[in-house]
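Working notes, structure below.
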Amino acid sequence: MSEASWRTHRLELDDQTLRDWDAVVLASGPDGIVLDTSAFYPGGGGQPPDHGVLLWGGVQTRIVDVRKGDDLYLIPAEGDPMPTPGTAVRGAVHARTGWQQTAQFAAAQLSQHLPGPDLLTADQRLGGPDRHRTFTLHVEPDGSFSVVALVWRPGQATRIHDHLTWAVVGVYDGQERESIFRRTDDGSDPKRATLRLVSERINAKGHVTVLGHRGIHRIDNVSSRPSHSVHVYGRDIGTLERHSYDPVTGEIGKFVSGYCNVLRDEDED
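Just so it is clear: in the sequence shown, position 112 is 185 by my numbering, and no numbers are missing.
Following this line, the structure appears as structure tokens:
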């Protein structure tokens, strides 16, 4: 059974900061406990599964592991009570590897294993004439992280944008200028933002950058030849609706980047 057929709605994929929520038990038995909604991350990409508790009927069930199978199973501590199907529970995550540790781990691994120029085909390495190109290398089936390669021809640039998750960027060929921005408004207007440029640097081959959930940046190629980099994200970045920012008008736009080597449903016609 694929993860798409799981009965549990994965809350932590919608909000990685969520720590407690209400749920209903769908099944319980030797394989574990299945909830209708859960924020317990089952692990993946070098990150261990979450631990926590389920509170119900005046008792608690400690969750010591989360496993993927034909459903998402929460594994209780040995000897703890098992809630029966239909029981209303309160879930709470107590131990989770923070995004900082995950991103730093990804950055350390990427620094040690940056690929060579042959990561992409010869045609892909050329990029596109109209804009930079994004190629998917790996997307975790549950959408919890993705790895992509980006190519810029000289003079090409991204829009100023966010990721809504952590991001790690490693340059493996050429040079890229990265401009980091920070919002200085209170965020109360969903359509407008005030940005301040806080840093700008030329990232050469071997440089790795880490950005947090609120990171906003722009990358452009100011060199005379194509540049190439690998990007790792804490979500399926090509399907995630994100924000672009106009530095002059302050207007906030929305976009879904997609992948140049994956045909989206709306492109099939």
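Cβ atoms here follow ideal geometry from the backbone N, Cα and C, with glycine treated the same way. As the structure is a prediction and not an experimental result, all values here were calculated from the model.
| request: Closer than 6 Å by C-beta to histidine 82: which residues in its own chain qualify, once you throw out the five before and the five after it? Chain order, please. | output: Thr110
| query | How long is the line joining the alpha carbons of arginine 269 and proline 214, rounded to whole angstroms? | reply | 36 Å
| Nearest residue (CA-CA) to glycine 142, options Ala222, Arg80 and Val283 | Nearest C-alpha to glycine 142: Arg80.
| request: Determine the closest residue to glycine 279 out of Thr312, Trp94, Val241 and Tyr318, with distance taken between C-alpha atoms. | output: Val241
| Comparing alpha-carbon positions, which option in Tyr306, Glu324, Arg163 and His301 lies nearest alanine 222? | His301
| Near leucine 210, which residues of its chain fall below 7 Å by C-beta distance, leaving aside the five closest residues on each side in sequence? | Val220, Val221 and Ala222
| query | Considering glutamine 17, what are the terminal residues of the beta strand (DSSP E) in which it resides? | reply | Residue 17 is absent from the model: the chain starts at 74 and stops at 342.
| Reference arginine 198; option with closest CA among Asp309, Thr157, Ala112 and Gly247 | Gly247
| message | Please return the same chain residues whose Cβ sits closer than 8 Å to the Cβ of valine 126, not counting the five positions on each side in sequence. | response | Gln133, Thr134, Arg135, Ile136, Gly164, Ala165 and His167
| Close beta carbons around proline 156, own chain, < 8 Å, minus the five adjacent residues each side | Val98, Ser101, Ile106, Leu127, Trp129, Gly130, Thr134 and Val162
| Same chain, Cβ closer than 7 Å to alanine 180, neighbours up to 5 away in sequence not counted | Listed in chain order, the non-local C-beta contacts of alanine 180 below 7 Å within the same chain comprise Val241, Val281 and Val283, local neighbours out to five positions each way being set aside.
| query | Are three or more beta carbon pairs between the stretch 187-196 and the stretch 249-268 nearer than 8 Å? | reply | no
| As assigned by DSSP and simplified to three states, the class of proline 188 | coil
| request: Kindly indicate which three-state DSSP category alanine 100 falls into: helix, strand or coil? | output: strand
| task | With DSSP as the reference, label serine 78 as helix, strand or coil. | result | helix
| request: Taking arginine 198 as part of the alpha helix (DSSP H), name the residues at either end of that continuous run. | output: 195-198
| query | Smallest Cα separation from histidine 186: which of Glu249, Gly243, Gly288 and Arg250? | reply | Gly243
| beta strand (DSSP E) containing glutamate 249: first to last residue? | Counting along the chain, the beta strand (DSSP E) containing glutamate 249 begins and ends at 249-256.
| said: Which same chain residues end up closer than 8 Å to tyrosine 146 when comparing Cβ atoms and leaving out the 5 residues on each side of it in sequence? | reply: Contacts found: Asp104, Gly105, Ile106, Val107, Val139 and Arg140.
| field | Residues of its chain near arginine 298, where Cβ-Cβ distance is below 8 Å and the 5 sequence neighbours each way are ignored | value | Pro227 and Gly247
| field | Distance between aspartate 319 and isoleucine 253 (C-alpha atoms, nearest Å) | value | 14 Å
| task | Grab me the residues of glutamate 324's own chain with a C-beta within less than 8 Å of its C-beta, minus the 5 sequence neighbours each way, in chain order. | result | Lys264, Arg265 and Tyr318
| query | Is the Cβ-Cβ distance between isoleucine 289 and aspartate 235 less than 7 Å? | reply | yes
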